[in-house]
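Peer 1:
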Ligand code: MSP
């Protein structure tokens, strides 16, 4: 399979982007870049979720027409993408015409397949979560109930269309039993399966109490429940309802990266909707954890929302990208602490990676007229290190395929640490006086290992890695994971080295 489709959730436009949004988008960018280096044909999608009561209320309090408001707010998310160093193939807005067409076609298909009926809904609803809850899921606080997320809930009663979710329980269990890797991490898979085993009730999928949504076909009194509208974005972008379009044939189904809070929508409702519309369920849904700020839950009321523009301007883009994915296993919760950023960046990027490049390249410039002779007459110790790099690359690749970014990075840094030890032991500065041929072997191998490690780091810190390739005078566009183990056959003239990762000063 040579195609790779990856999506972020589409972000609500009722507020400004924060570090949580940046996190998912960067994660997808890392996987997209990695798969491109595996010669895959990649489609990476992000966008904004612009309908629903929550957005409508935000527009009202801003005193603006909803469409004007969402266009303005959506720009904040669109502009953030390049600022995060991410390269997407499409940015979808759910108020676009193409999306209305796709969502209504999807609805009609469900209706044609006898999956929808009109009835009445009565129950607990949270505007903030855009979700319905069963009473036994709610938490009693004083005299009222609140949702498990802490959001307020209200009792609503209205006419509503329902999706026959209850009919999909067995089919979902069958699907997940035969595709155990389609929800990750494993603990989330278990959680979803036990939810499904607990029984599924039909799902209310339309609202009559507000207007800001895609109208239900043939009944303008109703707008679609925001989640059915939102989830369809993954289809719209690749050409749905044209199922014969090149993009749709190539890319459906794909991988959805989501936060743990929206896993149920993606791994229970969405595959059921899809199967009910004769489409394949997602290849995989990966649920990542949540960030806290210096140990505290991030919330507007606490005033501790982390602004991606602020932290990136302060620490640097690759420093933040690196910290977010090296510090915490993807899937776990993490704590955003300024001290940890400094420690991580200084130890790994400045001391380990940056220092290796700096000392080797300065040495080559000073002592070899900037030329690496590329002599690979390796002795057994060199061979062992070369083999070690092959093992590390293989491990790295399989971790990245499984979205285990921090383990993939750990492999990379083990290689860099070994390379640093090798340089110390071989001491090219001594060989320079005693054995030039051997010095050339050591330098050739070291530069080769820097090249390999840089490719491994590229998906996470692309900008800095391009600078390293520039210093090494290597043509990045011709290097990928299929040819990474090829040894160069000609000499190489490197460029002037300049420090790439200045140390971060830790404030007291
Ligand atoms: N619009 C829906 C998604 C629809 S997808 C068809 C939505 N939007 S959101 O803007 O509220 O959240 C988007 C993502 O940001 C979610 O995956 C959520 O988990 C993530 N995060 C929000 N706060 C976060 C942290 N503090 N940490 C990490 N991710 C967080 O839900």
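In the working numbering, the protein residues as written are 1 to 508.
For every residue, glycine included, the Cβ atom is placed at its ideal position computed from N, Cα and C.
Bear in mind the structure is a predicted one, so any value in this text is a computation, not a measurement.
So is residue 328 buried or exposed if we call it buried at 16+ other beta carbons inside 10 Å?
Peer 2: The residue in question, residue 328, is buried, as its Cβ has 16 or more Cβ neighbours within 10 Å.
Peer 1: Going along the chain, which unbroken runs of the beta strand (DSSP E) with 3 or more residues stay wholly within the stretch 272-314?
Peer 2: Fully enclosed beta strand (DSSP E) runs of 3 or longer: 284-288 and 291-293.
Peer 1: Report the partner residues of residue 5 according to the DSSP bridge assignment.
Peer 2: Residue 5 pairs with 43.
Peer 1: Starting from residue 214, trace the beta strand (DSSP E) both ways and give me its first and last residue.
Peer 2: No beta strand (DSSP E) contains residue 214, which DSSP labels as neither H nor E.
Peer 1: Under 7 Å Cβ to Cβ from residue 26, same chain only, skipping five residues before and after it: list those, please.
Peer 2: Contacts found: 84, 86, 321 and 324.
Peer 1: Tell me the start and end of each unbroken alpha helix (DSSP H) in the stretch 175-263 that is at least 4 residues and wholly inside, in chain order.
Peer 2: As far as the stretch 175-263 is concerned, its whole alpha helix (DSSP H) runs of at least 4 residues are 186-197, 226-231, 233-236 and 246-251.
Peer 1: Determine, using beta carbons only, whether residue 103 and residue 232 come nearer to each other than 7 Å.
Peer 2: It is a contact, given that the beta carbons lie within the stated cut-off.
Peer 1: I want to check one thing, is the minimum distance from the CB of residue 298 to the heavy atoms of the ligand MSP below 6 Å?
Peer 2: Residue 298: yes, Cβ under 6 Å from the ligand MSP.
Peer 1: How should residue 295 be labelled, buried or exposed, when 16 other C-beta atoms within 10 angstroms of its C-beta is the threshold for buried?
Peer 2: Classification for residue 295: exposed.
Peer 1: Could you give the DSSP three-state label for residue 410: helix, strand or coil?
Peer 2: Residue 410 falls in the helix class under three-state DSSP.
Peer 1: Restricting to Cα atoms, I'd like to know which of 409, 193, 386 and 195 is closest to residue 447.
Peer 2: If we check each option's Cα against that of residue 447, 386 comes out closest.
Peer 1: Relative to the C-alpha of residue 199, which candidate in 190, 221, 226 and 168 has its C-alpha closest?
Peer 2: Of the listed residues, the one whose Cα sits closest to residue 199 is 168.
Peer 1: With three or more C-beta pairs closer than 8 Å as the rule, is the stretch 489-499 touching the stretch 345-365?
Peer 2: Enough Cβ pairs lie closer than 8 Å, so yes.
Peer 1: Would residue 421 pass as a contact of residue 375 if the rule is Cβ separation under 7 Å?
Peer 2: In this structure, residue 375 does not lie closer than 7 Å to residue 421 by Cβ.
Peer 1: Starting from residue 154, trace the beta strand (DSSP E) in both directions and tell me its first and last residue.
Peer 2: Residue 154 -> beta strand (DSSP E) spans 154-163.
Peer 1: If you draw a straight line from the C-alpha of residue 332 to the C-alpha of residue 372, how long is it?
Peer 2: In a straight line, the C-alpha of residue 332 is about 43 Å away from that of residue 372.
Peer 1: I'd like to know if the stretch 34-45 and the stretch 69-79 are in contact, where contact means that at least 3 CB-CB pairs between them fall below 8 Å.
Peer 2: As far as the Cβ criterion goes, the stretch 34-45 does not touch the stretch 69-79, which means the pair count is below three.
Peer 1: DSSP beta-bridge partners for residue 391?
Peer 2: Partner(s): none; residue 391 has no beta bridge.
Peer 1: Is residue 562 helix, strand or coil when you go by DSSP?
Peer 2: Since the first residue shown for the chain is 1 and the last is 508, residue 562 is missing from the structure and cannot be characterised.
Peer 1: With distances taken from CA atoms, which of 140, 116 and 13 is nearest residue 77?
Peer 2: Taking only the C-alpha atoms, the option nearest residue 77 is 13.
Peer 1: Say whether the stretch 219-229 touches the stretch 93-112, bearing in mind that this needs 3 or more beta-carbon pairs closer than 8 Å, one atom from each stretch.
Peer 2: Because the criterion of three Cβ pairs below 8 Å is met, the stretch 219-229 and the stretch 93-112 touch.
Peer 1: Which stretch, first to last residue, makes up the beta strand (DSSP E) that contains residue 120?
Peer 2: Residue 120 -> beta strand (DSSP E) spans 116-126.
Peer 1: Going straight from the alpha carbon of residue 183 to that of residue 285, what length do you get?
Peer 2: The straight-line gap from Cα to Cα measures roughly 5 Å.
Peer 1: Report the rounded CA-to-CA distance for residue 175 versus residue 250, giving the unit in angstroms.
Peer 2: Rounded to the nearest angstrom, the two C-alpha atoms are 22 Å apart.
Peer 1: Return yes when at least one heavy atom of the ligand MSP lies under 6 Å from the C-beta of residue 261, else no.
Peer 2: Yes, the ligand MSP has a heavy atom inside 6 Å of this Cβ.
Peer 1: What are the start and end residues of each continuous beta strand (DSSP E) run of 3 or more residues lying completely inside the stretch 79-116, in chain order?
Peer 2: For the stretch 79-116, whole beta strand (DSSP E) runs of length 3 or above, ordered along the chain, are 90-93.
Peer 1: Where does residue 129 sit, in a helix, a strand or coil, going by DSSP?
Peer 2: If DSSP states are grouped into helix, strand and coil, residue 129 belongs with coil.
Peer 1: Under 7 Å, do residue 416 and residue 353 count as touching if we go by C-beta distance?
Peer 2: Contact flag set, yes.
Peer 1: Can residue 20 be considered in contact with the ligand MSP, in the sense that its beta carbon sits closer than 6 Å to one or more heavy atoms?
Peer 2: Result yes, Cβ under 6 Å from the ligand MSP.
Peer 1: Out of curiosity, what's the CA-to-CA distance linking residue 124 and residue 134?
Peer 2: Between residue 124 and residue 134, the C-alpha separation is close to 7 Å.
Peer 1: Leaving aside the five residues before and after residue 171 along the sequence, list all residues of the same chain whose C-beta is less than 8 Å from its C-beta, in chain order.
Peer 2: Taken in chain order, the residues that qualify are 272 and 275.
Peer 1: Does the ligand MSP have even one heavy atom less than 6 Å from the beta-carbon of residue 306?
Peer 2: No, the ligand MSP has no heavy atom inside 6 Å of this Cβ.
Peer 1: Since residue 33 and residue 458 are thought to touch, with beta carbons under 8 Å apart, how far apart are those beta carbons, to the nearest angstrom?
Peer 2: Between residue 458 and residue 33 the Cβ distance is about 7 Å, and since that is below 8 Å, they are a contact.
Peer 1: Looking only at DSSP bridge pairs, what is residue 140 linked to?
Peer 2: DSSP, once it has assigned bridges, lists 145 as partnering residue 140.
Peer 1: Identify the continuous alpha helix (DSSP H) that holds residue 20 and give its terminal residues.
Peer 2: Element bounds for residue 20: 19-36.
Peer 1: How big is the Cα-Cα spacing for residue 241 and residue 101?
Peer 2: So the alpha carbons of these two residues sit roughly 8 Å apart.
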